[in-house]
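Engineer: Mind looking over this structure? Questions follow.
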Amino acid sequence: MGKNKHKSDFDMGNVIKYIIKRSRILLAVTLLAFVVSVMVSLMLKPKYRSTAIVFPTSPASVAKSVMSTQYITSRGADILNLGLEDECDQLLQVFLSRELKDSMNVKFGLMQHYGINPMGKYALTRYYDAYDDNFRFRRSEYNSIIVNVYDTDPHLAATMADEIVRLADSLYSRMIRERALKAFELIKKEYEDMDSLIAVKERRLIELANMGVYKYDVQSKELTRAYYKALQSGKTELANKIKQSMEIAEHYGIEYTGLHYDLKVLRLQRGSLYYKYTEARAEVEQRLPNKFIVEHPIPADKKAWPRRSIIVLTSTVGAFLFTLLLMVFVDAFKKYI
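So our numbering is basically just the index in the sequence shown, starting at one, shifted up by 142.
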């Protein structure tokens with residue numbers, strides 16, 4: 143019997159009766175919550191949203207894409223292609239970087255704009271929190287990045303959205319250029335060392351040529367033929383001179399042949415290295431953007447926040463339910479005390 147009575151206390155009929163019984167208090171609290179929420183929502187400064195949508199570019203090498211004479215079939219090898227997930231994630235991390243937050247603060251004086259004292263306690267933490275509330279970035283299902291900027295001034299919101307896209311591209315380009323510069327410096331040194339080595343060997347070849355040494359195999363045959371011809375003709379003095387030339391050619395001929403072969407190999411290597419050198423230089427000097435802007439930010443003509451209807455509805459319903467539960471708890475406590 144007691145259990146049935148306890149169950150009946152919680153059926154819908156009893157709940158409705160209880161609400162009617164306490165209707166004055168519930169109505170008063172609900173009306174008060176309604177009025178307060180309306181007043182608070184009216185006091186809140188409206189914020190406007192400006193949106194930019196950007197796609198990252200392909201990570202393809204500029205030099206390989208522009209300088210290559212071969213037809214490019216790989217999707218990731220063309221600088222005109224859009225980037226994929228990895229490039230999207232990388233660009234998103236740039237948008238979320240602290241350097242970008244600090245740059246926007248310097249550019250627009252955001253601390254003062256958000257009412258934060260730069261010399262106050264936890265000023266930087268408060269600024270970053272305010273920044274995260276007003277600058278929002280997310281990756282779409284199409285591998286684009288959606289940039290939303292909120293501000294009480296619609297024109298300022300659009301300006302900041304445009305600027306943060308520009309700064310992100312600049313920061314991303316700088317990161318890539320710093321890495322490319324290190325690679326370029328390594329290749330440049332290797333190329334210059336190769337040039338120096340070739341120059342040394344070429345100078346030695348000139349010295350040997352001045353001594354009368356040239357292609358050893360050809361020269362040896364010609365000198366031998368001339369030597370025997372001079373002997374047969376009885377030209378002893380000429381034969382002795384030719385013999386001296388033969389001795390010089392024999393002494394330096396192996397060196398000449400080695401130098402000639404080395405230069406041939408080094409020049410081939412330099413040609414290959416020169417391509418890498420020009421490619422690395424192009425990567426350093428390139429000024430191509432790292433994003434495609436699909437949607438440029440414009441000043442909004444309608445506020446995005448606050449949504450007064452949601453604020454009022456949530457506050458009113460919440461106050462009603464909280465008051466109802468509180469009264470049920472108090473009455474139950476009095477009943478069983």
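Glycine included, each C-beta is placed from N, C-alpha and C at the ideal position. Owing to the predicted nature of the structure, the values given are computational and were not obtained by experimental measurement.
On the DSSP letters alone, give me the boundaries of the beta strand (DSSP E) that E283 sits inside.
Structural biologist: E283 -> no beta strand (DSSP E), and no H or E assigned at all.
Engineer: Since F237 contacts F279 with CB under 8 Å, what's their CB separation in whole angstroms?
Structural biologist: About 5 Å; that satisfies the 8 Å criterion.
Engineer: Tell me the rounded alpha-carbon separation between A351 and E327.
Structural biologist: Approximately 36 Å between the Cα atoms of the pair.
Engineer: What residues are listed by DSSP as bridge partners for V287?
Structural biologist: Note on identity: in this sequence residue 287 is Ile, with Val being the wrong assignment. Answer by DSSP bridge pairing, in chain order: V196, R281.
Engineer: Roughly how many whole angstroms lie between the Cα atoms of P188 and E229?
Structural biologist: Their backbone Cα atoms lie some 35 Å apart in a straight line.
Engineer: Can you tell which of Y269, L408, E283 has its C-alpha closest to the C-alpha of A341?
Structural biologist: Of the listed residues, the one whose Cα sits closest to A341 is L408.
Engineer: Quick one: Cα of Y264 to Cα of I162, how far?
Structural biologist: Their backbone Cα atoms lie some 50 Å apart in a straight line.
Engineer: Quick one: grab the DSSP three-state call for Y264.
Structural biologist: Y264: coil per DSSP, three-state reduction.
Engineer: Using a 10 Å radius around the Cβ and a threshold of 16 neighbouring Cβ atoms, would you call A474 buried or exposed?
Structural biologist: So A474 ends up on the exposed side.
Engineer: Which whole-angstrom value is the C-beta distance of D481 and P441, which I expect to be below 8 Å?
Structural biologist: This structure gives no information on residue 481, because the portion of the chain shown stretches from 143 to 479.
Engineer: Give me, in chain order, the residues of the same chain whose beta-carbon lies closer than 6 Å to that of L466; leave out the 5 immediate sequence neighbours on both sides.
Structural biologist: Result list for L466: empty, nothing under 6 Å.
Engineer: In the DSSP assignment, find the alpha helix (DSSP H) that holds I162 and state where it starts and stops.
Structural biologist: Its alpha helix (DSSP H) spans residues 154–163.
Engineer: Using the rule of at least 16 other Cβ atoms within 10 Å of the residue's Cβ for burial, across every protein chain shown, is D274 buried or exposed?
Structural biologist: When all chains shown are included, D274 counts as exposed.
Engineer: Reducing DSSP to helix, strand and coil, say where I258 ends up.
Structural biologist: In the structure shown, I258 sits in coil (DSSP, three-state: anything other than H, G, I, E or B).
Engineer: Can we say the segment 168–176 touches the segment 451–469, given the rule of at least three CB pairs closer than 8 Å?
Structural biologist: In short, these stretches touch, since the Cβ pair count reaches three.
Engineer: May I ask you to report which of helix, strand or coil DSSP gives I329?
Structural biologist: Note: I329 maps to helix in three-state DSSP.
Engineer: Leaving aside the five residues before and after K145 along the sequence, list all residues of the same chain whose C-beta is less than 8 Å from its C-beta, in chain order.
Structural biologist: Unreliable positioning characterises K145 in this predicted model, as indicated by a pLDDT of 49, which lies under 50. The coordinate reading is nonetheless provided below. Around K145: no qualifying Cβ.
Engineer: Quick one: any contact between the segment 253–272 and the segment 329–336, if contact means 3 or more CB pairs under 8 Å?
Structural biologist: Too few Cβ pairs lie closer than 8 Å, so no.
Engineer: Going straight from the alpha carbon of K243 to that of E320, what length do you get?
Structural biologist: The straight-line gap from Cα to Cα measures roughly 21 Å.
Engineer: Assuming A300 and Y292 make a contact with CB atoms under 8 Å, what is their CB distance in whole Å?
Structural biologist: Not a contact, Cβ separation roughly 11 Å.
Engineer: Taking 8 Å as the limit between beta carbons, can you name the residues of its chain near Y416, skipping five residues before and five after?
Structural biologist: Answer for Y416: Y333, listed in chain order.
Engineer: If we require 4 or more residues per run, which alpha helix (DSSP H) segments fall completely within the segment 405–467?
Structural biologist: The qualifying runs do not exist here; there are none.
Engineer: Secondary structure at G218, three-state DSSP: helix, strand or coil?
Structural biologist: Only weak support exists for where G218 lies, its pLDDT of 47 falling under 50; the coordinates are left without a value.
Engineer: Considering Cα atoms alone, identify which of A310, K476, V470 is closest to K159.
Structural biologist: Nearest C-alpha to K159: V470.
Engineer: Closest to L313 by CA distance: which of R281, D231, E241 is it?
Structural biologist: When only C-alpha atoms are compared, the closest one is E241.
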